[in-house]
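Just add 90 to the spot in the sequence shown (first one is 1) and you have the numbering used here.
C-beta atoms are modelled at their ideal positions from N, C-alpha and C, and glycine is treated no differently.
Quantities reported herein were computed from a predicted structural model and do not represent experimental measurements.
Right, one structure below, let's go through it.
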Amino acid sequence: MCGIFGITSNIGINTQKLKSVSKVISHRGPDDEGILLLNFETNQHKQYNGLDTIPELHYTELNGETNFNAALLHRRLSIIDISSAGHQPMAYNNNKLWITYNGEVYNYIEIKAELISKGYKFVTESDTEVILAAYQEWGTDCVNHFNGMWSFAIWDSLNNLFFLSRDRVGVKPFYYCNHNNQFIFCSEIKGIVTYLENKLTLNKEKIYEYLIRGQIFVGESEDTIFEEVKQLMPGNNLIFKNNKIKINKYWNLELTKNKLSFNENVERFSELFLRSINYRLRSDVEVGSCLSGGLDSSSLVSFASKNFNKNFHTFSAIWPGEKCDESYYVEKVNNLYECYPHAFTPDFENIIEVIDKVIWYQEMPLAGSSLLAQWFVMEKAKKHNIKVLLDGQGADEILSGYPLYLIPYINEMIFSFKWNELYKHYDSLKKNGYPLKRFFSIQKHRFINQKRTAFPIKNDNVKNYVFNNKYASPHKCNYLPDFLVDQIVKTNLPGLLHFEDRNSMAHSVESRVPFLDYELLQFAISIPTEQKIHGSLTKIILREAMKKYLPVEVYNRTDKIGFSTPIEQRLFNRKGAIFNYCLDIIENSELNQMDLIDKEKINSENVFGIYTLAKFLEIWR
């Protein structure tokens, strides 16, 4: 896992700005720093040291060089082949190819063996060199051979082009900007903002989106919080040649026919999950795991511990005395598999300072306090020198875990005439609070409450514009499989992956998500609905596959807590000093000047989100 940056410019490369960019994304890769300058016309190139370049390498110090029109920069978090041989930017084929790369191609060992059989030779043990050789062999089609998470840029001097790629699901971020005769790309928006010295335009539609919907949905378009900056969407390649951008989608998540029996699907799921974990345990440093006590992370730790005879370092945020405390279940898993537990209760003493820091790393206003729990988990892992963590992200989306999914489930049962299936599980639905009259009530409110907003918006013109033009909900019945694809590709999962990347990389920790192996993902979403949900009991396939591995107390859980925290309830109530502090910040903010918020309606339930928006505008202006 690393941080990458690159630029081509008709006005030359500003080396001081390059140094500033390297510093501002250094959290993504504190182990090594690499800088490459290029001249396309003369095919000249030169490598330079940065402040954090490893001592074994002896390049020139970067000063005021002027005869170059492109640069590649790399900040390294050393995970695979931690020797100096893995230094980037890395060259291949007599310096005809150069790469700066963030991520992991987990099946690099198998690809390397295939390339060796074709006559290729390798001088490192890194997956980076395998990517370069794969590009040499297959061209842009190389990404179809990869199983992993990545964002990378290859300079191909033979074809005079940049080849950029992002992984299928979007685990790793990739941003670019084509502005004033400069094409710039980076792992984080802050790198582009730094190089352009904050000369970017705030995308007000994203502000409206946050106020309307409660968060910025990063998966719905290439647009970002700044008008000039775009994201390379998941499953896309980009070629930059002759000052022109060409984007090609190389992968789509598609539903396929699944005619396997329930037991066959359980067996196939177990096989794919096992292979996915095996891939994601490949590392030259210690691999730990997040453990919330829920079904997903508990399954991950239990299944991996048993099958790979591994005692994990586990990291858990617990909240003694709170409804969201899951320490009982965390302890059951840790004890059963003799893990090295690191359970802790976050300190709220400097919570505002932490929130402000998280806003800077996340590059957007926050969608709730739950991502703060994840922040504290990553912080704890760093303190214990664990550089890689497994995480259960994505299991709810691919296996229908959220209570929200019961609505499209009932939709499908009713409108696909699967009434026997619905009748069979009706008592379960009713017992757990999902009688059919509630379902029809929800359907009715989908039509009536189209203009209900997440935050109290004062400006009706803004509200009407946004709803009428961009965020109007379609009045249609969604079946569960299509709903899951939408959750994975557009709405829920892209935001969670954004939060996960920023929270982990802020602490120089690589987060790996076994449930989002693309072959496991493709298989899981195509499992028939009636094999995923029985009444109000969700993730049936996972429960059955993990039955012999999980502590019985975890296996029998039917509640869904997630990465919950008591932060908003405990600290942001009307009587507290923090609530009043937030009101003061909002009152004196640019957000107040925009005259969008009905301040009379600010309360303990919405002040957190409004504060983070006001603070975002302050930090990023």
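With C-beta atoms as the reference, is residue i less than 9 Å away from residue j?
i, j, result
"VAL391", "CYS276", "no"
"SER247", "LYS331", "no"
"ASN234", "TYR149", "no"
"ILE189", "PRO179", "yes"
"THR581", "PHE307", "yes"
"LEU343", "GLN612", "yes"
"GLN683", "GLU590", "no"
"PRO493", "ASP572", "no"
"ILE476", "GLY378", "yes"
"GLY484", "LYS629", "no"
"ASN237", "ASP607", "yes"
"ILE282", "TYR266", "yes"
"PHE662", "TYR300", "no"
What first and last residue would you give for the beta strand (DSSP E) that runs through residue i?
i, result
"PRO120", "PRO120 -> no beta strand (DSSP E), and no H or E assigned at all."
"MET715", "The displayed coordinates of the chain run from 91 to 711. Any statement about residue 715 would go beyond what the structure contains."
"MET239", "238-246"
"TYR265", "265-269"
"PHE330", "326-331"
"GLU194", "187-195"
"GLN137", "134-139"
"GLY715", "The structure shown has nothing for residue 715, since the chain only spans 91 to 711."
"SER207", "No beta strand (DSSP E) holds SER207; the alpha helix (DSSP H) holding it covers 198-207."
Could you check which residue in the options has the C-alpha nearest to that of residue i?
i, options, result
"LYS622", "ILE201, ASP486 and ARG647", "ASP486"
"ARG708", "THR581, GLN577 and ILE449", "It is worth fixing the name first, because residue 708 is Glu in this sequence and not Arg. With distances taken between Cα atoms, GLU708 lies closest to ILE449."
"SER99", "GLN272, HIS235, GLU194 and SER207", "GLN272"
"HIS177", "PHE669, ASN338, ASP142 and GLY482", "ASP142"
"PHE253", "VAL261, SER241 and VAL259", "SER241"
"LEU586", "ILE676, GLY482, ASP572 and LEU494", "GLY482"
"GLU312", "LEU322, GLY304 and ARG303", "LEU322"
"ASN249", "PRO263, ILE408 and TYR225", "TYR225"
"LEU480", "TYR569, LEU574, CYS380 and LYS422", "CYS380"
"GLU151", "GLU131, GLN106, ASN129 and GLN134", "GLN106"
"LEU222", "LYS202, ASN399, ASN424 and ARG711", "LYS202"
"ALA160", "ASN133, LEU574, GLY140 and ASP572", "ASN133"
"GLY102", "ASP122, GLU123 and GLU131", "GLU131"
"ASP97", "LYS113, ASP121, SER255 and ASN268", "Residue identity check: residue 97 is Ile in the sequence provided, not Asp. If we check each option's Cα against that of ILE97, ASN268 comes out closest."
"ASN104", "THR156, TYR198 and GLN577", "THR156"
"PHE316", "LYS280, GLY384 and SER116", "LYS280"
"VAL649", "ASP386, LYS208, ILE169 and LEU371", "Before going further, note that residue 649 is Asp rather than Val in the sequence given. Looking at the Cα atoms, ASP386 is the closest of the given residues."
"HIS588", "GLU469, GLY699, THR655 and GLU453", "GLU453"
"ASP122", "ARG165, ILE367, ASN333 and ARG711", "ARG165"
"TRP228", "ARG358, ILE337 and LEU205", "LEU205"
"MET636", "VAL375, ASN353, GLU421 and ILE500", "ASN353"
Is there at least one non-hydrogen atom of the ligand ATP closer than 8 Å to the beta-carbon of residue i?
i, result
"PHE393", "With respect to the ligand ATP, the structure offers nothing, as it holds no ligand at all."
For residue i, write down the residues that DSSP places opposite it in a beta bridge.
i, result
"CYS672", "DSSP lists no partner for CYS672."
"LEU341", "The sequence given here places Trp at residue 341; Leu does not occur at that position. TRP341 pairs with nothing; no bridge assigned."
"ALA433", "SER406"
"SER616", "BP columns for SER616 are empty, so no partner."
"LEU686", "DSSP output for LEU686 lists no bridge partner at all."
"ASP313", "LYS320"
"PHE95", "LEU163 and CYS276"
"LEU385", "Per DSSP, none; premise fails for LEU385."
"ARG602", "LEU480"
"HIS597", "According to DSSP, HIS597 bridges with nothing at all."
"SER255", "PHE242 and ASN327"
"HIS624", "LEU627"
"GLY411", "Beta-bridge pairing links GLY411 to no other residue."
Taking residue i as part of the alpha helix (DSSP H), name the residues at either end of that continuous run.
i, result
"ILE441", "441-452"
"TRP228", "217-228"
"GLY491", "No alpha helix (DSSP H) holds GLY491; DSSP gives it neither H nor E."
"VAL114", "105-114"
"PHE466", "460-473"
"ASP576", "570-579"
"ARG365", "352-370"
"ILE657", "657-661"
"GLU155", "Premise fails: GLU155 is in no alpha helix (DSSP H) and is neither H nor E."
Given 8 Å, three or more beta-carbon pairs between the segment 191-198 and the segment 255-264: Yes: at least three Cβ pairs fall under 8 Å.
Quick check: the segment 599-616 against the segment 342-360, are at least 3 beta-carbon pairs closer than 8 Å? These segments touch.
Segment contact flag, the segment 596-603 with the segment 279-294, C-beta cutoff 8 Å, min 3 pairs: Fewer than three Cβ pairs drawn from the segment 596-603 and the segment 279-294 lie within less than 8 Å of each other, which leaves the two stretches out of contact.
Using 8 Å as the threshold, is the segment 405-412 in touch with the segment 428-442, meaning 3 or more CB pairs across them? Using a Cβ-Cβ distance cut-off of 8 Å, the segment 405-412 and the segment 428-442 are in contact, since at least three pairs of beta carbons, one from each stretch, lie closer than that value.
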